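Enquirer: Below you will find the structure I want to go over with you.
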Amino acid sequence: MAHDVLRGLQYRVDAADRACRTRGSSPTSHTEKLMKRGRVFLLAVGYGALLALLFVGIKRFERFAADAWYQMVTRRMAATQAHVPIQRCILGVYKPELPYSFRLLTQLEDTVGQRFTIVSFYQAWGDDPEHAFQPALMDNIIKHGYTPMITWEPWVSGFESDSLPPMPEREWRCMRDIGDGRYDDYLVAWAKAAVAWGRPFFLRFAHEMTNPQYPWSPVNGNTPSDYKNAWWHVWALFKHLGAENVIWVWCPYGTETKKYYPGDKYVDWTAMDVFNYGEILFGENERRWMSFDELASPLYAELESIRKPLMIAEVGCSDIGGSREVWYREMLTQVMTKFTRVKALVFFENPSDRTSGIWNIDWSVGASPEVTAEVRSVLEQNYFVHIPDYERKLAR
């Protein structure tokens with residue numbers, strides 16, 4: 048169409064030129080020559096102006112079309128209410144061997160009598176090949192019938208670059224540096240690979256942002272503004288590169304964390320992590336056995352005011368100080384009856400966690416026949432569902 052317009056403009060210029068030459072006798076007078084040149088000049092100016100307007104219009108249309116396409120796809124891919132089980136809850140799982148081997152996951156599903164929908168795994172930032180986006184691992188998750196969720200951890204210590212400060216200074220206010228674009232080379236490569244892969248997946252970026260064990264927390268001087276600026280920067284970069292298949296999961300830690308919330312435009316799901324460490328000694332601080340209700344209620348009350356789908360992205364109970372089977376039964380029952388905004392629940396099936404620094408905690412449900420029996424009895428009530436090909440539904 049643009050070429051037809053240009054041809055039409057050229058025809059009008061040629062026709063005007065011919066009209067000047069055939070109106071009467073040959074333009075021999077000085078006045079006639081000036082008039083001819085003036086007409087040609089004005090036509091040329093008009094020709095150029097029309098071209099400029101045409102170019103600007105096309106560029107504006109491109110931006111409008113891109114924005115409209117992004118908004119349409121985002122509404123479809125970002126776990127809108129049409130793809131969130133309204134009166135039900137889907138299940139997910141993290142296991143250390145996933146997504147490389149699925150044998151133990153199949154055994155767990157057979158034991159509890161329920162198939163999971165989400166497979167969760169963790170990825171740190173850095174220069175090494177394992178820090179890049181992993182299409183083969185993502186394909187393996189899809190091939191086995193699950194939807195991936197990546198917990199994407201900005202451990203900036205994984206980079207070897209002369210342009211970055213040395214360690215440990217590099218970790219000081221690292222979220223500010225992310226927001227300022229100092230890690231854009233890594234982000235661009237990762238996002239482009241995610242776009243090329245093309246399937247929807249959950250991305251839980253910089254989770255538990257106030258947990259002092261993480262360098263992106265306030266322990267290294269990171270402020271709520273640093274965190275939000277980093278989130279906005281990463282989100283905008285992904286949008287610019289066309290990564291509409293990313294479902295953004297914001298997962299705070301503790302309470303009074305809404306000052307870290309990036310905003311509804313930039314978040315698709317909210318999330319929370321719930322762990323009962325039981326009577327474990329952390330340094331000089333001894334913990335006590337706590338119910339799921341005690342642990343989850345404070346943050347749940349804050350997240351409930353954000354009108355986004357809510358997931359429990361990690362959940363586990365130790366065996367130190369109480370009954371795990373009772374804890375898991377009560378947890379699942381309360382998700383059904385009290386914490387009904389929870390639309391996805393991900394078991395943290397790590398049999399050997401040394402987060403405490405002293406204790407080796409077994410969080411896995413499958414390690415205890417008593418626990419799996421209680422879990423199975425609640426799951427048989429059919430509140431928790433498996434959605435086959437969930438990632439395909441997210442893409443519609």
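Per this note's numbering, the sequence shown runs over residues 48 to 443.
We put the beta carbon where it would ideally sit given N, CA and C, even for glycine.
These numbers were taken from a predicted model, which means no experiment stands behind them.
#1: Using three-state DSSP, classify residue 304 as helix, strand or coil.
#2: Enumerate in chain order the residues of its own chain whose CB-to-CB distance from residue 282 is below 6 Å, with the five nearest sequence positions on each side excluded.
#3: Taking all protein chains shown into account, decide if residue 390 is buried (16 or more other Cβ within 10 angstroms of its Cβ) or exposed.
#4: Can you tell which of 206, 264, 324, 157 has the C-alpha that lies nearest to the C-alpha of residue 19?
#5: Hey, residue 45 and residue 222: beta-carbon distance below 9 Å or not?
#6: Give me whichever residues DSSP pairs with residue 251 in a beta bridge.
#7: Are the C-beta of residue 290 and some C-beta of chain B separated by less than 9 Å?
#8: Please return the same chain residues whose Cβ sits closer than 8 Å to the Cβ of residue 168, not counting the five positions on each side in sequence.
#9: Assuming residue 170 and residue 200 are in contact, meaning their beta carbons sit under 8 Å apart, how far apart are those beta carbons, in whole angstroms?
#10: To which residues of the same chain is residue 430 closer than 7 Å at the C-beta, ignoring the five residues directly before and after it?
#11: From what residue to what residue does the beta strand (DSSP E) around residue 167 run?
#12: For residue 56, name the three-state secondary structure that DSSP assigns.
#13: If you compare alpha carbons, which of 158, 155, 161, 166 is closest to residue 452?
#14: Could you name the residues of the same chain whose beta carbon sits closer than 7 Å to that of residue 326, not counting the 5 residues immediately before and after it, in chain order?
#15: How big is the Cα-Cα spacing for residue 378 and residue 338?
#16: Can you tell me whether residue 345 is buried or exposed, with buried defined as 16 or more other CB within 10 angstroms of its CB?
#17: Tell me which residue opens and which closes the beta strand (DSSP E) that residue 319 is part of.
#18: Within 10 angstroms of the Cβ of residue 251, are there 16 or more other Cβ atoms? Answer buried if so, exposed if not.
#19: So what's residue 391 in DSSP terms, helix, strand or just coil?
#20: Is the beta carbon of residue 215 sitting closer than 9 Å to the one on residue 397?
#21: Ignore the nearest five residues each way along the sequence and tell me which others in residue 448's own chain have a CB closer than 8 Å to its CB.
#22: Please state whether the Cβ-Cβ distance between residue 415 and residue 376 is less than 9 Å.
#23: By Cβ distance below 6 Å, which residues in the same chain neighbour residue 296 in space, the five residues on each side in sequence not counted?
#24: My output table needs one value for residue 256: the three-state DSSP class, helix, strand or coil.
#25: Considering only the beta carbon of each residue, do residue 353 and residue 311 sit closer than 9 Å?
#26: How about residue 219 and residue 267: do their beta carbons lie closer than 9 Å?
#27: Quick one: give me the first and last residue of the alpha helix (DSSP H) that residue 185 is part of.
#28: Could you name the residues of the same chain whose beta carbon sits closer than 7 Å to that of residue 162, not counting the 5 residues immediately before and after it, in chain order?
Expert: Based on what the coordinates show:
#1: Position 257 of the sequence shown, counting from 1, holds the residue named residue 304. Reduced to three states, the DSSP call for residue 304 is coil.
#2: Position 235 of the sequence shown, counting from 1, holds the residue named residue 282. Exclusion of the five residues before and after residue 282 leaves 313 as the residues of its chain whose Cβ lies within less than 6 Å of its Cβ.
#3: Within the sequence shown, numbered from 1, the residue matching residue 390 stands at position 343. Counting Cβ neighbours within 10 Å, residue 390 comes out buried, since at least 16 surround it.
#4: There is simply no residue 19 to check, as the chain begins at 48 and stops at 443 in what is shown.
#5: Any property of residue 45 remains undetermined from this structure, which presents the chain solely from 48 to 443.
#6: Within the sequence shown, residue 251 is the residue found at index 204, counting from 1. For residue 251, which the question treats as bridged, DSSP gives the partners 198, 296.
#7: Going by chain labels, chain B is absent from the structure shown, which holds only one protein chain.
#8: If you number the sequence shown from 1, residue 168 lands on position 121. 141, 145, 146, 184, 195, 196, 197, 198.
#9: By 1-based counting over the sequence shown, the position of residue 170 is 123. By 1-based counting over the sequence shown, the position of residue 200 is 153. At roughly 7 Å, the Cβ-Cβ gap stays under 8 Å, so residue 170 and residue 200 are in contact.
#10: Position 383 of the sequence shown holds residue 430. Hits under 7 Å: 135, 136, 383.
#11: Position 120 of the sequence shown, counted from the first residue, corresponds to residue 167. Counting along the chain, residue 167 sits inside the beta strand (DSSP E) bounded by residues 165 to 171.
#12: If you number the sequence shown from 1, residue 56 lands on position 9. Because the pLDDT of residue 56 is 31, which lies under 50, any placement of that residue in the model is unreliable, and the number read from its coordinates should be weighed accordingly. DSSP, read as helix, strand or coil, puts residue 56 in helix.
#13: Any property of residue 452 remains undetermined from this structure, which presents the chain solely from 48 to 443.
#14: If you number the sequence shown from 1, residue 326 lands on position 279. Closer than 7 Å at Cβ, skipping near neighbours: 333, 334, 335, 336, 367, 368.
#15: Numbered from its first residue, the sequence shown carries residue 378 at position 331. Numbered from its first residue, the sequence shown carries residue 338 at position 291. Looking at the two C-alpha atoms, the distance is approximately 8 Å.
#16: Along the sequence shown, read from residue 1 onward, the residue named residue 345 stands at position 298. Exposed is the call here.
#17: In the sequence shown, residue 319 corresponds to position 272, counting from 1. Per DSSP, the unbroken beta strand (DSSP E) holding residue 319 starts and ends at 316 to 323.
#18: Position 204 of the sequence shown holds residue 251. Classified as buried, residue 251 has 16 or more neighbouring CB atoms from the shown chains inside 10 Å of its CB.
#19: On the sequence shown, residue 391 is found 344 positions in, with the first residue counted as 1. DSSP, read as helix, strand or coil, puts residue 391 in strand.
#20: Translated into positions along the sequence shown, residue 215 becomes position 168. Translated into positions along the sequence shown, residue 397 becomes position 350. In this structure, residue 397 does not lie closer than 9 Å to residue 215 by Cβ.
#21: Outside the displayed range of the chain (48 to 443) lies residue 448, so it cannot be described from this structure.
#22: Stepping through the sequence shown from its first residue, residue 415 is reached at position 368. Stepping through the sequence shown from its first residue, residue 376 is reached at position 329. Taking C-beta atoms as the reference points, residue 415 and residue 376 fail to come closer than 9 Å.
#23: In the sequence shown, the residue the question calls residue 296 occupies position 249. Around residue 296: 249, 251, 316, 318.
#24: Taking the first residue of the sequence shown as position 1, residue 256 is located at position 209. Three-state DSSP puts residue 256 in coil, outside helix and strand.
#25: Position 306 of the sequence shown, counted from the first residue, corresponds to residue 353. Position 264 of the sequence shown, counted from the first residue, corresponds to residue 311. Taking 9 Å as the Cβ cut-off, residue 353 and residue 311 qualify as a contacting pair.
#26: Locating residue 219 in the sequence shown gives position 172, counting from the first residue. Locating residue 267 in the sequence shown gives position 220, counting from the first residue. Cβ distance < 9 Å, so residue 219 and residue 267 count as in contact.
#27: Mapped onto the sequence shown, residue 185 falls at position 138. 182 to 190 is the extent of the alpha helix (DSSP H) around residue 185.
#28: If you number the sequence shown from 1, residue 162 lands on position 115. For residue 162, where only same-chain residues beyond five positions count, the Cβ hits under 7 Å are 156, 433.
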